[in-house]
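For the sequence shown, our numbering begins at 18 and goes up steadily by one.
Cβ coordinates follow ideal geometry from the N, Cα and C atoms, glycine included.
Since this is a predicted model, take the numbers as computed values, not measurements.
Only one structure is covered here, and it is reproduced in the block below.
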Amino acid sequence: MLKLIHDIRIGNIHIRRLDKVEIRKSVENLCDTATISMPATIYNKPLKDIKQLKVGDSVHIQLGYNSDDNLKTEFKGYLKSVQTTSEGVKIECEDDIYLFRVPMNDEEIKSPTVEQLLKKCVAAVVKQHNISLSVDCKYDFSYDKFTIHKATAYDVLKKIQDEAKPNIFIKDKTLCIYPQFYGDFGRAKYDFSKNIDADGLDLIYKREDERKLLVEVTAKDSAGKEIKVIEGAPGGDKITKKLPFISNNESLKIVAKETLNLNIYTGYEGSFTGWLVPFCDTGYKVELIDPEEEFKNGTYYVTAVDIEYSPSGGKRKISLGKRLS
């Protein structure tokens, strides 16, 4: 029988007793988060370690089965807040994007690329935290102008992600800005007859010709005139996006085509639930195997992973993006 184990460290504190850990990861969110729930008392005595926890402490969460050799790092980041009530202690954490909560200088930038803006953000973080951090940008997108006013580097990243829709994350001391489905960060295999929880199955199989979508992206140029780009086919759903101050039609086309890429394919949409093994993360390529309907077998890009862990069990919910093969 498999035995659940964990290794959770916050600063110099080793968290041994806990009620639950919830980890939320998504390529559509700027940062991954983790929530650690603990009892407020043990044997009717208050936990002494709680007072030693400080906002900004490093956080490292490893989960697994049976032995330390099977522990996998599920989350790394920083402590954002600690809430203590009569019911228990809740510790909120963010991944390395937490470091970007530093102030930026107010300025209006003419015709910046996303890469130029991100380098400004990284420069502010490096100066504040005295760390080594580089930029890897594979996303070709430009603004007509970009205004920074009473904003943090985090605010700038959030605005770029909300408007331009790239994937933004930190990996190996590098701030990465990639298009959807770019890169190969790992692989996992799931079989409907072996390692998928039937109670956590929420998948629908659709053909590409059943997914008609029209995408309309609008923006205003520097003179205030509206410009528009339309991609896709009528007769189905419609997505409308409004972006500010972009006179470059190519940038609008990038956003429209990225939106279509998210939605037009033959295959599953939705999510399914497995256990802690196999390990799977956002950006992974997941191979789904259906012994009863082999034509549905395929490989998908993972857009989100939600993990719930407690002494009574551990589950991993995997949300799928576009079918890749």
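Item	Value
Residue burial classification, Arg333 (beta-carbon count within 10 angstroms, cutoff 16)	buried
Cβ contact check for the segment 314-330 and the segment 245-263: 3 or more pairs under 8 Å	no
Residue from Phe158, Glu286 and Gln197 with nearest C-alpha to Ile221	Glu286
Ser210 - DSSP class collapsed to helix/strand/coil	coil
Every unbroken alpha helix (DSSP H) within the segment 252-307, with a cutoff of 4 residues, ordered by chain	266-280
Cβ separation of Gly73 and Leu96, assumed to be a contact under 8 Å, to the nearest whole Å	6 Å
Ordered list of beta strand (DSSP E) runs contained in the segment 183-251, each at least 3 residues	184-188, 191-195, 204-208, 214-223, 230-237 and 243-249
Selection from Ile271, Leu305, Ile40 and Ile114 that minimises the alpha carbon distance to Glu91	Ile40
Outcome for Gly300 when other beta-carbon atoms lying within 10 angstroms are tallied against a minimum of 16	buried
Three-state secondary structure assigned by DSSP to Tyr326	strand
Straight-line Cα distance separating Leu135 from Asp172	11 Å
Opposing strand residues paired with Met121 [DSSP bridges]	BP columns for Met121 are empty, so no partner.
Backbone CA spacing between Asn266 and Lys144 [nearest angstrom]	35 Å
Nearest-angstrom Cβ-Cβ length linking Leu70 and Ile30, presumed shorter than 8 Å	6 Å
Per-residue burial, Lys182 [other beta carbons within 10 Å of its own, 16 or more giving buried]	buried
Cys154 (DSSP reduced to helix, strand or coil)	strand
Close beta carbons around Ile306, own chain, < 6 Å, minus the five adjacent residues each side	Asp208 and Asn314
Other residues of its chain near His146: CB distance less than 7 Å, five sequence neighbours each side excluded	Leu116
Assigned exposure category for Gln197 - 16 Cβ within 10 Å defines buried	buried
Beta-ladder partner(s) of Asp24, from DSSP	Gln79
Bridge-paired residues (DSSP) for Phe92	Ile78
Classification of Glu180 by the beta-carbon crowding that lies within 10 angstroms, buried from 16 upward	buried
Assigned exposure category for Glu111 - 16 Cβ within 10 Å defines buried	buried
C-alpha gap between Ile271 and Phe158, whole angstroms	7 Å
Option in Ser149, Lys137 and Asp86 with minimal Cα separation from Ile165	Lys137
Per-residue burial, Lys190 [other beta carbons within 10 Å of its own, 16 or more giving buried]	exposed
Close Cβ partners of Arg118 (< 8 Å) along its chain, the five nearest in sequence each way excluded	Thr169, Ala170 and Tyr171
Residue span of the beta strand (DSSP E) that contains Lys162, given as start and end	Lys162 to Ile165
Cβ shell of Asn83 (< 8 Å), same chain only, five flanking positions each side left out	Leu19, Lys20 and Ile22
Short Cβ contact (9 Å threshold) for Val152 with Glu132	yes
Where Lys107 sits in the DSSP three-state scheme	strand
Pairwise C-alpha distance: Ser75 and Glu104	25 Å
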